[in-house]
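Asker: Everything in the sequence shown is counted per the numbering used here, starting at 52 for the first residue and increasing by one.
Backbone N, C-alpha and C define an ideal beta-carbon position, used for all residues, glycine too.
Structure incoming, see below.
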Amino acid sequence: MLEIRVPATSANLGSGLDSLGLALSLYLKLTYTSQPALVIEPRGDGAEELPRTKDNLIWKTADRFYREMTGKTIPAGYLSVSSHIPLSRGLGSSAAAVVAGLLLANQLIPRPLTREQLLHTATAIEGHPDNVAAALFGGFVLVYQDYKHVIRVQHYPPPDLECLLAIPPYPVPTKDSRAILPLQVSRDDAIFNAQRVALWIHALSQHDWSVLRDAADDRLHQSYRTSLVEGLNDLIYASYEAGALAATLSGSGPTVLALSDKDHVEAILRRWASLAQSYDWPLTVRHVRPLGIGAEVKQIYSVNQEAVASDD
Ligand code: HSE
């Protein structure tokens, strides 16, 4: 039996559109046992919306990758999937599914690929590298691409950094949230973001959290996405008023991510709760941790023993 656990991720971190990501302690978990017929059992957030057939994104990804690597169909099995990553909320649910599918198939092929190689494939499927890189490797990732490669640089999150998520109840499909972005931006805006991504790199390498508010500022995507995310600016503003180190749209939204030290967590949660009273919909708030490790794979052997092997 295989057990795979893939974390949620928050992409962009404000200025780093398609370039920065962070792994979070919310998980998609799956177990796979080989058997003659395919049975997929989704549980958890949005389980009722997920296909139980070959069209399930995890299975589709696994099968596609297995075929590419072996020329054969992936062996059928019993797949139990339980996820606490809400769907289409900007927390990397589809990236987690793609990574889970690739890791599953990778365990079943004769010559498994490295995670660096899997990152390339995952990025090609997902269309952007930030979520999949954070999901595969964990921590803060800085990721860039050239024509042939996807390259990531990783920083471990400090133990005292808290992550708060304000999650609206409505989904925002990434495709819509990307379609709304302009194809061209001004030189001023490009420079604005380049300067701020540089500040992120300084903050991560020096553990200097004093610059995060400036580092997370953005002109390339968040303002365009406010029309899809009711209350985005208010939630970000309220986070800063309450002492957040950084507050951004998480990925393509609609979730808002606030990074904070321990002392300001309660104040941020109180401000969000008070703002939420003015909405016609319920705001779900989660307090999670930044994760230093990415997806985990365990092979469980059942021959009267509890032997566990990991792919790492
Ligand atoms: N970087 C991507 C975007 C993340 O902002 O569109 C999508 O979750």
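With respect to 8 Å, is the separation between the Cβ of Leu-77 and the closest non-hydrogen atom of the ligand HSE below this value?
Answerer: Checking the Cβ of Leu-77 against the ligand HSE gives no.
Asker: Exposed or buried, Glu-213, counting other C-beta atoms within 10 Å across all chains shown (16 or more means buried)?
Answerer: The residue in question, Glu-213, is buried, as its Cβ has 16 or more Cβ neighbours within 10 Å.
Asker: Label Ser-144 either buried or exposed according to how many other C-beta atoms from any shown protein chain fall within 10 Å of its C-beta, with 16 as the threshold for buried.
Answerer: Buried: at least 16 other Cβ atoms inside 10 Å.
Asker: Let me check understanding here. Comparing Cα to Cα, which of Ala-346, Gln-328 and Ile-136 lies closest to Thr-306?
Answerer: The option with the nearest alpha carbon to Thr-306 is Ile-136.
Asker: Starting from Thr-112 and walking both ways along the alpha helix (DSSP H), at which residues does that stretch end?
Answerer: Where Thr-112 is concerned, the enclosing alpha helix (DSSP H) stretches over 108–121.
Asker: Taking 9 Å as the cut-off, decide whether the C-beta atoms of Leu-155 and Ile-109 are in contact.
Answerer: Going by C-beta atoms, Leu-155 is nearer than 9 Å to Ile-109.
Asker: Does the distance from the C-beta atom of Leu-310 to that of Ala-295 stay below 9 Å?
Answerer: Yes, the pair counts as a contact, with Cβ atoms nearer than the cut-off.
Asker: Tell me whether Arg-118 is buried or exposed, calling it buried when 16 or more other Cβ atoms sit within 10 Å of its Cβ.
Answerer: Under this definition Arg-118 is an exposed residue.
Asker: Spell out the partners DSSP gives Thr-335 in its beta bridges.
Answerer: DSSP output for Thr-335 lists Ile-218 as bridge partner(s).
Asker: Using C-beta distances below 8 Å, list every residue in its chain close to Asp-285, excluding the 5 sequence neighbours before and after it, in chain order.
Answerer: Closer than 8 Å at the Cβ level, and outside the excluded window around Asp-285, lie Leu-326.
Asker: Among the residues of its own chain, which have a CB less than 8 Å from the CB of Tyr-291, if the five just before and after it don't count?
Answerer: Contacts found: Arg-264 and Ala-298.
Asker: Keeping to the same chain, check which residues put their C-beta closer than 6 Å to that of Phe-116; ignore five residues upstream and five downstream.
Answerer: Contacts found: Leu-153 and Ala-156.
Asker: If contacts are defined as beta-carbon pairs under 8 Å, then Asp-268 and Ser-70 qualify, I think. What distance do you get, rounded to the angstrom?
Answerer: Between Ser-70 and Asp-268 the Cβ distance is about 15 Å, and since that is not below 8 Å, they are no contact.
Asker: Keeping to the same chain, check which residues put their C-beta closer than 6 Å to that of Val-204; ignore five residues upstream and five downstream.
Answerer: Within the same chain, Val-204 has close Cβ partners Leu-193.
Asker: Please report the straight-line C-alpha distance between Ser-133 and Glu-177, rounded to a whole angstrom.
Answerer: The straight-line gap from Cα to Cα measures roughly 21 Å.
Asker: Around the ligand HSE, which residues pass a check of Cβ closer than 7 Å to any of its heavy atoms?
Answerer: Any residue whose Cβ sits closer than 7 Å to a heavy atom of the ligand HSE makes the list: Ala-62, Asn-63, Leu-68, Asp-69, Gly-141, Gly-143, His-179, Asp-181, Asn-182, Thr-225, Ser-228, Arg-229, His-272, Gly-302 and Ser-303.
Asker: Rounded to a whole number of angstroms, what is the C-alpha to C-alpha distance between Ile-231 and Arg-103?
Answerer: The straight-line gap from Cα to Cα measures roughly 31 Å.
Asker: Please tell me whether Leu-142 and Gly-97 are closer than 9 Å, where the distance is taken between their beta carbons.
Answerer: Result no, Cβ atoms of Leu-142 and Gly-97 do not sit closer than 9 Å.
Asker: Using CA atoms only, rank isn't needed, just tell me which of Ala-175, Gly-122, His-171 and Pro-180 is closest to Pro-161.
Answerer: If we check each option's Cα against that of Pro-161, Gly-122 comes out closest.
Asker: How is Tyr-291 classed by DSSP in three states: helix, strand or coil?
Answerer: Here Tyr-291 sits in helix by DSSP.
Asker: For Arg-247 and Ala-266, what's the separation of their Cα atoms in angstroms?
Answerer: Approximately 4 Å between the Cα atoms of the pair.
Asker: Could you spell out where the beta strand (DSSP E) holding Tyr-83 opens and where it closes?
Answerer: Its beta strand (DSSP E) spans residues 71–85.
Asker: Is it a yes or a no for the segment 185–202 touching the segment 213–226, going by three-plus beta-carbon pairs under 8 Å?
Answerer: They do not touch, by the three-pair rule.
Asker: Could you pull out every residue in the same chain whose Cβ sits closer than 7 Å to the Cβ of Ala-186, ignoring the five residues on either side in sequence?
Answerer: So the list reads Val-57, Pro-58, Thr-60, Ala-74, Gly-143, Ala-146, Ala-147, Val-150, Gly-345 and Ala-346, once near-sequence residues are dropped.
Asker: Would Trp-332 be called buried (16 or more neighbouring beta carbons within 10 Å of its own) or exposed?
Answerer: The residue in question, Trp-332, is exposed, as its Cβ has fewer than 16 Cβ neighbours within 10 Å.
Asker: Should Leu-53 go down as buried or exposed, given a rule of 16 or more other Cβ atoms within 10 Å for buried?
Answerer: Buried: at least 16 other Cβ atoms inside 10 Å.
Asker: Do the CB positions of Leu-300 and Arg-276 come within less than 9 Å of each other?
Answerer: Yes, the pair counts as a contact, with Cβ atoms nearer than the cut-off.
Asker: Is it buried or exposed for Asn-63, if we count other Cβ within 10 angstroms and need 16 for buried?
Answerer: By the 10 Å Cβ count, Asn-63 comes out buried.
Asker: So, Arg-337 versus Leu-130, is the Cβ gap smaller than 9 Å?
Answerer: It is not a contact, given that the beta carbons lie outside the stated cut-off.
Asker: For Ile-55, count neighbouring Cβ atoms within 10 angstroms of its own Cβ and tell me buried if that reaches 16, exposed if not.
Answerer: Burial call: buried.
Asker: Does DSSP put His-206 in a helix, a strand or coil?
Answerer: Three-state result, His-206: strand.
Asker: Where Pro-210 and Glu-317 are concerned, what is the direct C-alpha to C-alpha distance, given to the nearest angstrom?
Answerer: Those two C-alpha atoms are separated by around 18 Å.
Asker: Does the beta-carbon of Gln-273 have 16 or more other beta-carbons within 10 angstroms, so that it is buried, or is it exposed?
Answerer: By the 10 Å Cβ count, Gln-273 comes out buried.
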